[in-house]
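Working notes, beginning with the structure itself.
Numbering (full-length UniProt numbering), first residue to last: 1 to 229.
Written out as structure tokens, the structure reads:
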């Protein structure tokens, strides 16, 4: 699934966008300041950014520049600034698109889909199938051989984080922050225990995992297309 970072200091807009994007299958993170936006982008697996330019602590153009120093993820500006010079500044800084407020939600969603197609991060299908089991994200269920697999809430949360980023590396800190909270980003032993439990329940051979892969010293990768030898 595509994870969208929404950056806006207007709580009503922030909340409305979060509700509408979640209803359409996007994951969301939010920030009300430029500093918070940069921190969220560093902490979470963000695929797209919706960015207001009028932030209380720094100009949105500066946020774009700082993001561009470390990532090429799509940035769509949402701004009440209509002047051509403002648009040019944002686009020159590295923004991919510019939408003026008030905006039409259908148009914004279309622009998100275009950006998602460019990066391959459109909302995923709700059912993820592997040769050995399937994950139903809306129902929060895993089936193996037609039978439901009993997962604890923590096991499911970890699996969901990885399944929503198929084929991509998810750092240990990202998983810990999303499942347990930011205060637990150093508790990597938690992950090792739960990943081992998930492998026992889902992998044909837990000692030689095909789907829940470890990237030593970095994190984990979920490979739904793996096949047996």
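Cβ coordinates follow ideal geometry from the N, Cα and C atoms, glycine included.
Q) Using CA coordinates, which residue listed in 101, 59, 139, 146 is at the minimum distance from residue 132? A) Cα-wise, what sits closest to residue 132 is 146.
request  = On a CA-only basis, which of 101, 129, 116, 193 is nearest residue 8? Give me that one, please.
outcome  = If we check each option's Cα against that of residue 8, 101 comes out closest.
### Message
Assuming residue 163 and residue 137 are in contact, meaning their beta carbons sit under 8 angstroms apart, how far apart are those beta carbons, in whole angstroms?
### Response
That pair is a contact at about 7 angstroms.
Given this structure, state the Cα-to-Cα distance separating residue 220 from residue 85, to the nearest angstrom. Linking residue 220 to residue 85 through their CA atoms gives a straight-line distance of about 44 angstroms.
- Message: I'd like to check one pair, residue 224 with residue 158: are the Cβ atoms closer than 7 angstroms?
- Response: It is not a contact, given that the beta carbons lie outside the stated cut-off.
Are the beta-carbon atoms belonging to residue 99 and residue 48 less than 7 angstroms from one another? Note that the C-beta distance between residue 99 and residue 48 is not below 7 angstroms.
Looking only at C-alpha atoms, which of 216, 36, 63, 106 sits nearest to residue 172? Of the listed residues, the one whose Cα sits closest to residue 172 is 216.
Check this for me: beta carbons of residue 200 and residue 209, under 7 angstroms apart or not?
No, the pair does not count as a contact, with Cβ atoms beyond the cut-off.
Q. When we look at the beta-carbon of residue 161 and count the other beta-carbons within 10 Å, is it buried (16 or more) or exposed?
A. Burial call: buried.
Classification of residue 52 by the beta-carbon crowding that lies within 10 angstroms, buried from 16 upward: Note on residue 52: 16 or more other CB atoms within 10 angstroms of its CB, so buried under the neighbour-count rule.
* To do: Give the DSSP-derived three-state secondary structure of residue 193 in the structure shown.
  => The answer is helix: DSSP assigns residue 193 an H, G or I state.
Short Cβ contact (7 angstroms threshold) for residue 34 with residue 50:
Not closer than 7 angstroms, so no.
Quiz item: Is it true that the CB of residue 30 sits closer than 7 angstroms to the CB of residue 6?
Solution: With contacts defined as CB atoms closer than 7 angstroms, residue 6 and residue 30 qualify as a contacting pair.
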